[in-house]
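Residue numbers are given in the working numbering: position 373 of the sequence shown equals residue 1173, and the series is strictly consecutive.
All C-beta atoms, glycine included, are put in the ideal place defined by N, C-alpha and C.
On a predicted model such as this, the values are computed, not experimentally measured, just so you know.
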Amino acid sequence: MLAPELKGKINKLWDKFWAGGLANPLTAIEQISYLIFLKRLEDIDNHEKKRVEAKGEKYKSIFEGKDDCKWSHWKHFNAEQMILHVRDNVFPFLKSIQKGNDGEFSKQMQDAIFLIPKPSLLQEAVSIIDELNVTARNQDTQGDIYEYLLSELNQAGKAGQFRTPRHIIRMMVELVNPQLGEKVCDPACGTAGFLVNSYQHILKVNTTKDLIKYDDEGVPYNLIGDKIAEKKHWDLLRMHTFYGYDFDGTMARVASMNMILHGIEHPNIRRFDTLSKAFEHKSDYDVILANPPFTGSIDVGDVHDNFKVGTTKTELLFLELFYNLLNIGGRCAVIVPNGVLFGSSNAHIQVRRLLLEKCQMEAVISMPSGVFKPYSGVGTAVLVFTKGGKTSNVWFYDMTSDGFSLDDKRDFIDGKGDIPDIIEKYKTRTSGANSIIVPFEDIKNNDYNLSISRYREVEHENIVYDNPKNIIDRVLKKEEEIGKELNELRKMV
């Protein structure tokens, strides 16, 4: 959790961009991201140089022939000099960097535009980012700085681009439990929150328990992965484990930078509409985590031929896509709007049948409607399923609290709510006050309905009423007592 002084500096940065005319949070985040990334790029390059030269090897700097693009070179320029140099030299250099597999990052950057309009705004932003002293921070704090920056999207919700709450992501990651050596994908990745948290989960699993620390909200840090001894395993983790796709170029760039700033130096993020004909439906992933766009639809002509469900509703197409992309035995946790659970159209029933009859539907976790406030009050649920086999029973859980107030303010209560209970009970699929187990046949007989309210028994309290004669006798006796008291009062007057 960031110290107040760091939060204050980031808030100051936001205020400068707002006052400088960049009021759209997503645009501002993208521009700030470029500057932070340029600062970190020199830090990473210096670190790599020391590491390689310590082994007696020759190091080729990413800045070779471009020393004037280093942050340390131009950060002291005056405002007019700085904006011209960054726009005409540094930014084109940034767009040419071969960062990530197959130079994918440089491909994404081709559409990037330098939009900081005022020399004074750039100079002030560079000064504040320098004050953040990112270089001296550990990996956890570097990531937290960027996460806090991204939290502004919680207030935005521009074109549906809002972030899934971090504690909900951590819950979902814990449920599917990604492991070192597995391929993890988010086909609608946004800022890459699921991928970053999956990386942190794998590090946690591979960090000695005594070394793990927890912040005031119970979030683990100091995840050093000391049990990962071999370089090939680190290379596997950072280069060939995490894959994300997003149809929005800005989000793809922000996702890539988010992953790099969290220590995943070679992000496999690609700009792609994963529902379109151009995207390959190849069973290639062991884990899928996602919160795909709700209540959208695509043109019939754009729907991929591999889709068997006859619909253009994106929330249904994404579920079939996830099934198609998973390996047999692959696990998925996905957020869906409540309508997916009980919708009566042929497409709704068809998708639910697919997930119940060709997968093992492990859990349906209904979440309170306030989880996505202030930008959406829609009721949602988390589906957890494994590809292959057939469902025998489904574990349902009715979450009543996520640890924050369920109004627009989303005030911190304990940051946990029912989540620890969900994670604990999921391990054994036990029923309790908030959870029930429902046999597959019952669900099948109800049009594959996955709404917990359909199966939860309503407990009726048996009220025993008193005999009317006894009630009348008590009333008459009370009247007699009142009459005596009134007579006593009359004598005293």
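Cα-Cα separation, residue i to residue j
{"i": "Leu1121", "j": "Leu1075", "result": "7 Å"}
{"i": "Gly1129", "j": "Lys1187", "result": "5 Å"}
{"i": "Leu980", "j": "Arg1038", "result": "10 Å"}
{"i": "Gly1232", "j": "Ile1219", "result": "14 Å"}
{"i": "Leu921", "j": "Gly856", "result": "43 Å"}
{"i": "Trp1034", "j": "Gly1025", "result": "9 Å"}
{"i": "Ser951", "j": "Asp986", "result": "20 Å"}
{"i": "Val1019", "j": "Val1194", "result": "29 Å"}
{"i": "Asn1058", "j": "Asp1242", "result": "44 Å"}
{"i": "Phe914", "j": "Gly1189", "result": "51 Å"}
{"i": "Gln831", "j": "Ile1252", "result": "44 Å"}
{"i": "Ile1223", "j": "Arg1229", "result": "10 Å"}
{"i": "Ala1052", "j": "Glu1017", "result": "29 Å"}
{"i": "Asn1006", "j": "Ile1028", "result": "6 Å"}
{"i": "Glu848", "j": "Asp1214", "result": "41 Å"}
{"i": "Gly1015", "j": "Lys812", "result": "A small correction: the amino acid at residue 1015 is Asp; Gly does not occupy that position in the sequence shown. Roughly 24 Å between the two C-alpha positions."}
{"i": "Ala1133", "j": "Met1161", "result": "10 Å"}
{"i": "Gly1294", "j": "Leu1276", "result": "The structure shown does not extend to residue 1294, since the chain is modelled only from 801 through 1293, so no value can be given for it."}
{"i": "Tyr948", "j": "Asp888", "result": "30 Å"}
{"i": "Val1184", "j": "Arg851", "result": "42 Å"}
{"i": "Tyr1248", "j": "Phe1240", "result": "9 Å"}
{"i": "Lys1013", "j": "Lys1004", "result": "10 Å"}
{"i": "Val984", "j": "Val976", "result": "11 Å"}
{"i": "Pro965", "j": "Gly1217", "result": "14 Å"}
{"i": "Ile1135", "j": "Lys1009", "result": "30 Å"}
{"i": "Phe837", "j": "Leu932", "result": "13 Å"}
{"i": "His885", "j": "Ser896", "result": "16 Å"}
{"i": "Glu1257", "j": "Phe1196", "result": "13 Å"}
Under 8 Å between C-beta atoms of residue i and residue j
{"i": "Gln908", "j": "Arg1153", "result": "no"}
{"i": "Leu1206", "j": "Gly1179", "result": "no"}
{"i": "Ile1338", "j": "Ile945", "result": "Nothing in the structure corresponds to residue 1338, since the chain is present only between 801 and 1293."}
{"i": "Val1100", "j": "Ala1147", "result": "no"}
{"i": "Leu835", "j": "Val926", "result": "yes"}
{"i": "Asn1068", "j": "Gly1044", "result": "yes"}
{"i": "Thr991", "j": "Arg963", "result": "yes"}
{"i": "Met1199", "j": "Ile1165", "result": "yes"}
{"i": "Asn1127", "j": "Asp1086", "result": "yes"}
{"i": "Glu880", "j": "Pro917", "result": "no"}
{"i": "Thr1191", "j": "Leu1141", "result": "no"}
{"i": "Leu1089", "j": "Phe1172", "result": "no"}
{"i": "His967", "j": "Asp1221", "result": "no"}
{"i": "Leu1023", "j": "Asp1084", "result": "no"}
{"i": "Val1238", "j": "Tyr1226", "result": "no"}
{"i": "Phe1079", "j": "His1104", "result": "yes"}
Reduced DSSP secondary structure (H/G/I, E/B, other) of residue i
{"i": "Leu1089", "result": "strand"}
{"i": "Gly1049", "result": "helix"}
{"i": "Leu921", "result": "helix"}
{"i": "Cys989", "result": "coil"}
{"i": "Ala912", "result": "coil"}
{"i": "Phe1072", "result": "coil"}
{"i": "Phe1172", "result": "helix"}
{"i": "Val976", "result": "helix"}
{"i": "Gln1020", "result": "Sequence check: residue 1020 is Pro here, not Gln. Strand at Pro1020."}
{"i": "Gly900", "result": "Residue placement at Gly900 is poorly supported in this model, since its pLDDT is 48, which falls under 50; the coordinates are not used for a value here."}
{"i": "Thr1008", "result": "coil"}
{"i": "Pro1239", "result": "strand"}
{"i": "Leu838", "result": "helix"}
{"i": "Ala1055", "result": "helix"}
{"i": "Leu1183", "result": "strand"}
{"i": "Tyr946", "result": "helix"}
{"i": "Tyr1248", "result": "coil"}
{"i": "Glu1281", "result": "helix"}
{"i": "Tyr859", "result": "coil"}
{"i": "Met1199", "result": "coil"}
{"i": "Lys983", "result": "coil"}
{"i": "Ser1205", "result": "coil"}
{"i": "Phe1294", "result": "The structure shown does not extend to residue 1294, since the chain is modelled only from 801 to 1293, so the question has no answer here."}
{"i": "Ala1029", "result": "coil"}
{"i": "Phe1042", "result": "strand"}
{"i": "Lys1190", "result": "coil"}
{"i": "Ile1064", "result": "coil"}
{"i": "Lys1013", "result": "strand"}
{"i": "Val926", "result": "helix"}
{"i": "Glu1162", "result": "strand"}
Pairing CB atoms from the stretch 831–850 with CB atoms from the stretch 866–875, are three or more of them under 8 Å? They touch, by the three-pair rule.
Could you check whether the stretch 1078–1095 touches the stretch 1110–1117, counting it as contact only if at least three pairs of C-beta atoms, one from each stretch, sit closer than 8 Å? Output reads yes: the stretch 1110–1117 touches the stretch 1078–1095.
What runs of the alpha helix (DSSP H), each 4 residues or longer, lie entirely inside the stretch 1077–1149? If we require 4 residues or more, the alpha helix (DSSP H) runs fully inside the stretch 1077–1149 come out as 1114–1125, 1139–1142.
Along the chain, which unbroken stretches of the alpha helix (DSSP H) at least 4 residues long are found entirely within the stretch 1210–1234? For the stretch 1210–1234, whole alpha helix (DSSP H) runs of length 4 or above, ordered along the chain, are 1219–1228.
Ignoring anything shorter than 4 residues or poking outside the stretch 801–856, list the alpha helix (DSSP H) runs there in chain order. At a cut-off of 4 residues, the continuous stretches assigned as alpha helix (DSSP H) that sit fully inside the stretch 801–856 are 804–819, 825–854.
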